[in-house]
C-alpha cells in the first residue's frame with residue numbers, strides 16, 4: 001500500500017512502506033528572510049486623519065548584523081518613504097516584529113538584511129495599502145450572482161477571493177461557525193469571490209472603483225450577504241436559534257446567516273479595521289408582506305447583537321430597499337422600518353441609497369443586472385451607493401482599527417501527534433489587560449483545524465491533538481475580548497512515526513569563497529544546555545567544530561558558524577543538541593557540494609557507508625519550484641530480489657535519505673528511481 005504525504009523537503013517527515021516507497025512533498029527552498037504579515041494586497045482601514053498602522057511579522061534565518069524595514073510609496077502615492085531598523089534583540093532571536101503608521105495609499109514593504117561578512121538578503125511584500133474597508137451584508141441582491149454583468153475593478157479594489165459556504169443535497173446553504181481561515185487578497189476581478197459569501201465582484205467592484213477615483217485610496221470588501229434570508233431569519237440566528245428557510249422548508253445550520261457576519265468581524269475586519277457595514281436588504285420581506293414592527297425589530301436585533309457578540313460598534317449604512325420584479329412600487333412597511341433604524345438616536349446607523357428606483361421593472365433574474373445593450377443596473381446601484389457615501393457623511397462615520405497586533409514566534413520544524421512545545425509571541429500596540437489568547441491550529445492551506453493552547457503570557461504552551469494526521473500545519477495566535485487574529489506562523493510538519501520534536505526550525509549552509517557559513521534557527525527548547533556544530537565528509541565520522549550555549553529557555557535564537565577548513569567534495573553538517581539531563585539529539589543534516597551537486601536521481605555516496613545513501617530529487621533546491629515532487633525508489637540485490645527500504649525527506653535538507661529496512665550483506669545492489677516520467681537504475685556497492 002502506498003502512503004502519500006505532502007511536506008517541505010527541508011522539514012522532517014518519515015514514510016515507511018513494505019516494498020515500495022512513495023514520497024511526495026512541495027519543493028520549497030526556505031528563504032533566509034521571510035515576511036508572514038502583512039500579506040500582499042492587504043488593506044488597513046485608515047483613521048479620520050487618514051493614517052493606519054501596518055503591523056509586520058517576519059523571521060530571519062541568518063545571523064544578520066542589521067535589518068532595515070522600509071515602506072516605499074507605489075502606485076502614484078505622493079507620500080514619502082518610511083524606514084526603521086530592528087533592534088539587536090530581535091535579530092538575535094530571529095523573530096522580527098514592528099509597525100509603521102502611514103497615510104493613505106499603496107506601499108511596497110521591504111526588509112533588507114546585511115551581515116558583517118558581506119551577505120545581503122531581502123524580503124518584499126509588493127503592495128500593502130492604507131485605505132477603506134467595508135463589510136457587505138444583506139440578501140442575494142447584495143451577495144451577487146454570476147453571469148449578470150459584473151465588471152472587473154482596477155488594481156485598487158481588493159477582495160479575499162474565496163468562499164466558505166456550500167450548497168448541500170437538500171438545497172440548503174451551509175457555512176461553518178468557527179474561526180475563519182487566514183486570508184489572502186487579490187485584485188477584484190469580475191468573476192472573483194468576495195469572502196465569505198460574495199459571488200462575483202457584483203456592483204461592489206464598481207463602487208470600489210468610484211471610491212478610489214474620489215478618495216485616491218485602496219478599497220477592500222468583505223461580503224457576508226446571504227441569499228433568501230429575511231429579517232426573521234437574522235433575528236432568530238442572532239438570538240441563538242437556527243433560522244428557517246421558508247423557500248426550501250429546512251433550517252440553515254450553525255446559526256447562519258448571523259454567524260458569518262460575526263465571524264467575519266472577528267477574523268477579517270478586526271485584522272484590517274473597517275469603516276462600516278453596507279446593508280442592502282428588504283425585497284424578501286416585502287414580498288412576504290412582513291409588518292413594519294417585525295422588520296424593524298429583526299434588523300435592530302441583528303445589529304445590536306452583532307455589536308454585543310463581537311465587541312465592535314461598527315457603523316451601518318442601511319439602504320432603502322424593498323422593490324422587486326413582484327413589487328415594482330416598493331413596500332412602505334419595510335421602507336418605514338429602514339428609515340426608523342437610521343433615525344434611532346445613538347444607533348450609529350446612516351442612510352444608504354434608495355435602491356427602489358433602480359432598474360424597475362427588474363430583469364428576469366429578479367436581481368440588478370448590467371444588461372448588454374440595455375440598462376446597466378449594477379452600475380446604477382454602485383453609483384447610488386457612491387452618492388450615499390458622501391464625504392460629509394463619511395466624516396461622521398468613525399472607523400474601527402485594530403488596537404494591537406499579535407505576532408506569532410518561531411515554531412519547531414517538526415513535531416508529532418500529542419506533542420507539546422512552547423511558542424513565543426509578541427504584542428505591538430495597546431492590548432487589553434488582562435490579556436488572554438488562544439492558539440489555533442491551521443492546516444497548510446490556512447484552514448482552521450482546532451484549538452491547541454490558551455494562556456496570557458509568552459511563551460504559550462502548545463499541545464497538539466493525539467489524533468492529528470501527518471501533514472503541514474501553522475499556528476495562529478488570536479487575542480480575545482475582543483477577538484483579533486494575530487500573524488500566522490511559518491509551517492511545521494507533524495510526523496506520527498516520530499516521538500521527538502525537531503526544535504531546529506531551519507538550517508542552512510553557504511559557500512563564502514573557501515569558507516562555509518553554517519546557520520540555524522532554534523525554537524525555544526526546554527532543558528537545552530548547548531549546541532555543537534558537527535561535520536562529516538565520509539558520511540560516517542562526525543567531528544565537533546564549535547560549541548554554542550543555548551538561548552534562554554523561553555526564547556528562539558539564530559546562530560552561525562564559519563568553517564574555514566571546509567575542504568572539497570560533499571560535506572554534511574548537523575547540530576548536536578546536548579540537554580541538561582545528559583541526553584542528546586540531532587538536527588536535520590545540511591549538505592554542501594563543493595565540486596558540483598550530484599546529478600538528479602543519482603545515488604551518493606557510492607560505495608554506500610553505514611547502509612544509508614542519498615538521492616538528489618529531480619526538483620532539487622535551487623531549481624524552479626514545482627507544487628510537489630513524487631519519487632519512487634526500489635532496491636534490488638544482484639539476484640533480482642527486492643529489499644524493503646525506508647525513505648525520508650527529513651534526514652537531510654533538500655535530499656531523500658534511503659536505508660534498507662533490514663541490514664544487508666556487503667555486495668552489489670541496484671537502485672531504481674522513478675519520478676515525473678523519468679527512470680534511472682544505478683549500481684551501488686554496500687560496504
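In UniProt numbering, the protein residues as written are 1 to 687. For glycine and all other residues, C-beta sits at the position ideal for the given N, C-alpha and C.
Query	Result
The region 162-176 touching the region 138-146, judged by at least three CB pairs closer than 8 angstroms	no
The region 411-419 / the region 451-459 touching (three or more Cβ pairs under 8 angstroms)	no
Residue 86: first and last residue of the uninterrupted beta strand (DSSP E) it sits in	From DSSP, residue 86 is part of no beta strand (DSSP E); its letter is neither H nor E.
Inter-residue Cα distance where the pair is residue 236 and residue 497	48 angstroms
Residues that residue 690 bridges to, as DSSP identifies them	Only positions 1 to 687 of the chain appear in this structure, which leaves residue 690 out of reach.
Cα-Cα separation between residue 350 and residue 191, rounded to whole angstroms	30 angstroms
Limits of the unbroken beta strand (DSSP E) element including residue 180	Counting along the chain, residue 180 falls outside any beta strand (DSSP E), and DSSP gives it neither H nor E.
Where the beta strand (DSSP E) through residue 337 begins and ends	Element bounds for residue 337: not the beta strand (DSSP E) but the alpha helix (DSSP H), 332-343.
Stretch-stretch touch, CB-based, cutoff 8 angstroms, three pairs: the region 128-135 with the region 41-61	yes
Bridge partner(s) assigned by DSSP for residue 66	114
Whole-Å CB distance - residue 270 paired with residue 484, under 8 angstroms assumed	5 angstroms
Whole runs of the beta strand (DSSP E) within the region 349-424, excluding any shorter than 3 residues	349-354, 404-408, 420-423
Alpha-carbon spacing of residue 542 relative to residue 534, whole angstroms	6 angstroms
C-alpha distance - residue 79 paired with residue 486, whole-angstrom precision	28 angstroms
Of the residues 522, 596, 539, 595, the one placed nearest residue 560, counting alpha carbons only	522
Own chain, CB closer than 7 angstroms to residue 550, minus 5 neighbours either side, in chain order	525, 528, 529, 530, 531
Span of the alpha helix (DSSP H) around residue 212	204-215
Buried or exposed by the 16-neighbour rule on C-beta atoms within 10 Å, applied to residue 481	exposed
Buried or exposed by the 16-neighbour rule on C-beta atoms within 10 Å, applied to residue 546	exposed
Stretch-stretch touch, CB-based, cutoff 8 angstroms, three pairs: the region 63-80 with the region 115-127	yes
Nearest neighbour of residue 280, chosen from 31, 289, 384 [CA to CA]	384
Burial state of residue 151, where buried means 16 or more other Cβ atoms lie within 10 Å	buried
Bounding residues of the beta strand (DSSP E) (the contiguous stretch that carries residue 132)	120-138
Cβ-Cβ distance between residue 713 and residue 106 below 9 angstroms	Coverage of the chain is limited to positions 1 through 687, which leaves residue 713 absent and any answer about it impossible.
Beta-carbon separation (whole angstroms), residue 75 vs residue 153, contact threshold 8 angstroms	Contact doesn't hold; Cβ gap of about 14 angstroms is too wide.
Selected residue, minimal CA-CA separation from residue 318, among 300, 330, 60, 307	300
Closest residue to residue 72 among 103, 634, 96, 685 (Cα-Cα distance)	103
Residue nearest to residue 369 in terms of C-alpha spacing, selected from 397, 476, 324	324
For residue 306: DSSP bridge partner residues	Answer is none; residue 306 lacks a bridge partner.
Spatially closest choice to residue 671 from 651, 611, 650, by CA coordinates	611
Rounded C-alpha distance that separates residue 642 from residue 667	14 angstroms
Cα-Cα separation, residue 283 to residue 84	52 angstroms
For residue 361, the nearest candidate out of 353, 593, 348, 376 (CA to CA)	376
Own chain, CB closer than 7 angstroms to residue 1, minus 5 neighbours either side, in chain order	Low confidence applies to residue 1: its pLDDT is 27, below 50, so where it sits in the model is not reliable, and the reading given next is rough at best. None.
Where residue 693 sits in the DSSP three-state scheme	In this structure the chain extends from 1 to 687, so residue 693 is not present and cannot be described.
Cβ neighbour criterion (16 or more within 10 Å) applied to residue 268	buried
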